[in-house]
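Q: Residue numbers (our numbering), protein chains in the order written: chain A, 180 to 276; chain B, 11 to 254.
Starting off with a structure, shown below.
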Amino acid sequence: MIVVIIIGMALVTMIPRFIPAYIVDRVNFPEWVNKWLAAIPYAALGALIFPGIMSVIPDKPYVGVLAGIIAIVLAVFNIHIILVVIGAILAVFLLTI
Amino acid sequence: MTTKVIDKPHTSTRIMMVQRGIAKGFPIMLGYLPIALAYGVLAKQAGMTLTELTLMSVLVYAGAAQFMGAGMIAIGTGAIEIIVATFVLNFRHFVMSLSFMNRIKAYKLRWKVPLSLGLTDESFSVASIHTKEAQQENGAYFYAAMMITAYTSWVSGSFLGGVLGDIIPEALSQSMGVALYAMFIGLLIPSVKKELKLVLIPIIAMLTNYLFSQFLDQGWAIVAGTLIGGLVGIVLIKEEDESS
């Protein structure tokens with residue numbers, strides 16, 4: 180039964196992932212759609228960060244927000260992304276002990 | 011697949027692209043490992059066998075959906091409900107894939123299809139800030155190597171979580187929950203720094219997501235945030251020039 184669930188989950192995840200490969204192969208989008216699609220990464224990153232980051236520590240939303248601000252500051256100063264990640268982890272660690 | 015006559019420069023750009031891809035996949039690996047371990051532990055506790063929980067990582071390969079799925083299996087939710095919830099939660103990948111596939115439109119379908127299957131929030135984000143590879147020779151190898159690095163760490167991390175159980179101390183594992191968010195920030199900031207007005211796009215997306223999440227499923231709220239935030243880009247983004 181669990182295997183059936185896994186296969187079902189896989190199908191509904193994979194199909195939306197690969198259908199666009201066939202769409203762009205067949206359709207030429209007008210310029211405004213191309214721009215829209217080019218803007219999607221910025222938008223997706225925004226939507227993935229907030230409000231999700233507030234649930235890092237579910238009962239203390241400020242912890243995630245503070246760690247996020249630290250990550251922003253580090254990133255603004257061109258710190259390598261690995262160190263941005265480690266800095267944020269450390270921030271949460273120190274804020275929760 | 012094997013070509014007998016391979017000219018030297020050709021091969022070396024491939025190797026270089028693969029190396030760069032692995033390097034860019036490394037931050038994803040750092041973010042995935044603790045989460046995959048946690049998923050493995052949770053799925054085991056939910057009553058899934060080691061084979062099942064690893065198979066889910068191999069076939070579904072979507073972190074949030076797998077946590078949700080394992081949680082729903084644990085409380086005995088029906089298959090249809092789990093599958094529908096997975097579809098809603100993962101539908102954002104359709105939008106992301108459309109964006110990425112449009113960027114690599116010129117690639118052959120035999121590259122586009124596998125690359126589309128390797129898309130996650132994280133691999134999409136990394137792929138999207140490395141736009142010049144799409145134009146370069148053998149750029150597909152860059153994207154493939156980055157995605158395989160991420161995929162391997164997700165699958166092996168899940169398996170390890172299932173075998174080893176809770177090995178990371180709780181204080182550390184909950185701190186590591188912030189890793190992927192920090193990675194998203196670390197990817198977003200440098201790309202909007204180049205053109206500050208672009209920061210409006212993620213901000214609108216955040217607010218839309220927040221607003222819609224008050225009354226919609228998380229999955230649909232993220233899709234709405236992504237689409238509406240992206241709309242702002244139509245006026246902000248310059249004509250796609252071939253050179254960049």
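Just so you know, even glycine gets a beta-carbon here, dropped at the ideal spot from N, CA and C.
Values in this document were obtained by computation on a predicted structure and should not be read as measured data.
Only counting the same chain, and skipping five residues up and downstream in sequence, which positions put a Cβ closer than 7 angstroms to that of B/Gly128?
A: Cβ neighbours of B/Gly128 beyond the five flanking positions: Met157, Tyr161.
Q: Give the residues of chain B in contact with A/Val235, contact being defined as C-beta atoms less than 8 angstroms apart.
A: By Cβ distance, chain B contributes Gln184, Gly187, Val188, Tyr191.
Q: Looking at the structure shown, is B/Asn148 part of a helix, part of a strand, or coil, going by DSSP?
A: Coil at B/Asn148, not helix or strand.
Q: Give me the Cβ distance between B/Met216 and A/Ile228, rounded to the nearest whole Å; I'm assuming they're in contact under 8 angstroms.
A: Correct: roughly 7 angstroms between the Cβ atoms.
Q: Quick check: the Cα distance between A/Pro209 and B/Thr130, rounded to an integer number of angstroms?
A: Their Cα atoms are separated by approximately 26 angstroms.
Q: For B/Val105, which residues from the same chain have a beta carbon less than 7 angstroms from its beta carbon, with the 5 sequence-adjacent residues on both sides left out?
A: Once the five neighbours on either side are set aside, the close Cβ partners of B/Val105 are Val233, Thr236, Leu237.
Q: Is the CB of B/Ala215 under 7 angstroms away from at least one CB in chain A?
A: It does: the Cβ of B/Ala215 has a partner Cβ on chain A nearer than 7 angstroms.
Q: Using a Cβ-Cβ distance cut-off of 7 angstroms, determine whether A/Leu245 contacts chain B.
A: No, its Cβ sits nowhere closer than 7 angstroms to a Cβ of chain B.
Q: Given that a residue counts as buried once 16 or more other Cβ atoms are within 10 Å of its Cβ, and exposed if not, what is B/His103?
A: Counting Cβ neighbours within 10 Å, B/His103 comes out buried, since at least 16 surround it.
Q: Mind checking the segment 158 to 169 of chain B against chain A and listing, in chain order, the residues whose C-beta falls within less than 7 angstroms of any C-beta there?
A: So nothing in the stretch comes that close.
Q: With distances taken between CB atoms, is the gap from B/Asn112 to A/Leu224 smaller than 7 angstroms?
A: In this structure, A/Leu224 does not lie closer than 7 angstroms to B/Asn112 by Cβ.
Q: What residues from chain A crowd round B/Asp227, counting only those whose CB sits closer than 9 angstroms?
A: Chain A residues near B/Asp227: none, gap ~13 angstroms exceeds 9 angstroms.
Q: Who are the Cβ neighbours of B/Ile45 in its own chain at under 8 angstroms, not counting the five residues just before and after it?
A: Contacts found: Gly73, Gly167, Met186, Gly187, Ala189, Leu190.
Q: By the DSSP assignment, the alpha helix (DSSP H) with B/Pro124 in it spans what residues?
A: Residues 119 to 127.
Q: Mind pulling the chain A residues with CB within less than 7 angstroms of B/Tyr220?
A: Simply Phe229, Pro230.
Q: Name, please, each residue of chain B whose Cβ falls closer than 7 angstroms to the Cβ of A/Pro199.
A: Per Cβ cutoff of 7 angstroms: Phe104, Ser107, Leu108, Met111, Ser126.
Q: List the endpoints of the continuous alpha helix (DSSP H) containing A/Asp204.
A: That run of the alpha helix (DSSP H) goes 181 to 205.
Q: Answer yes if the segment 78 to 87 of chain B comes into contact with the segment 49 to 67 of chain B, meaning at least three C-beta pairs across the two stretches below 8 angstroms, and no otherwise.
A: Judged by Cβ distances under 8 angstroms, the segment 49 to 67 of chain B makes contact with the segment 78 to 87 of chain B, as three or more pairs qualify.
Q: Tell me whether the segment 204 to 212 of chain B and the segment 250 to 263 of chain A touch, counting them as touching only if at least three CB pairs, one residue from each stretch, are closer than 8 angstroms.
A: No, they do not touch.
Q: Against chain B, does A/Arg196 count as a neighbour if the rule is that its beta carbon must be under 7 angstroms from one of theirs?
A: Answer yes: the Cβ-Cβ gap between A/Arg196 and chain B drops below 7 angstroms somewhere.
Q: Could you confirm whether any beta carbon from chain A is found closer than 7 angstroms to the beta carbon of B/Lys115?
A: Yes - at least one Cβ of chain A is within 7 angstroms of the one on B/Lys115.
Q: With 7 angstroms as the threshold, decide whether the Cβ of A/Ile185 is near any Cβ in chain D.
A: Checking the listed chains, one finds no chain D in this structure; the protein chains it contains are A and B.
Q: Give me the Cα-Cα distance between A/Phe197 and B/Asp176, rounded to the nearest whole angstrom.
A: Between A/Phe197 and B/Asp176, the C-alpha separation is close to 35 angstroms.
Q: In whole angstroms, what separates the C-alpha of B/Phe194 from that of B/Glu132?
A: If I take the Cα positions, the gap works out to 8 angstroms.
Q: Using the Cα positions of B/Glu252 and B/Arg24, report the straight-line distance between them to the nearest angstrom.
A: Only weak support exists for where B/Glu252 lies, its pLDDT of 40 falling under 50; the value from the coordinates is given anyway. In a straight line, the C-alpha of B/Glu252 is about 22 angstroms away from that of B/Arg24.
Q: Could you tell me if B/Phe222 is buried or exposed, where buried requires 16 or more neighbouring beta carbons within 10 angstroms of its beta carbon?
A: Buried, since its Cβ has 16 or more Cβ neighbours within 10 Å.
Q: Using CA atoms only, rank isn't needed, just tell me which of A/Lys214, A/Ala270, A/Pro199, A/Met188 is closest to B/Tyr71.
A: Per the Cα distances, A/Met188.
Q: Spell out whether any CB of chain B is found under 7 angstroms from the CB atom of A/Tyr241.
A: It does not; no Cβ of chain B falls within 7 angstroms.
Q: Please report the Cβ distance between B/Ile214 and A/Ala218, rounded to the nearest whole angstrom; I am assuming they are in contact, meaning their Cβ atoms lie under 8 angstroms.
A: Incorrect: roughly 10 angstroms between the Cβ atoms, too far for contact.
Q: Could you check which residue in B/Leu69, B/Thr218, B/Leu108, B/Ile83 has the C-alpha nearest to that of A/Pro199?
A: Of the candidates B/Leu69, B/Thr218, B/Leu108, B/Ile83, the one whose C-alpha sits nearest the C-alpha of A/Pro199 is B/Leu108.
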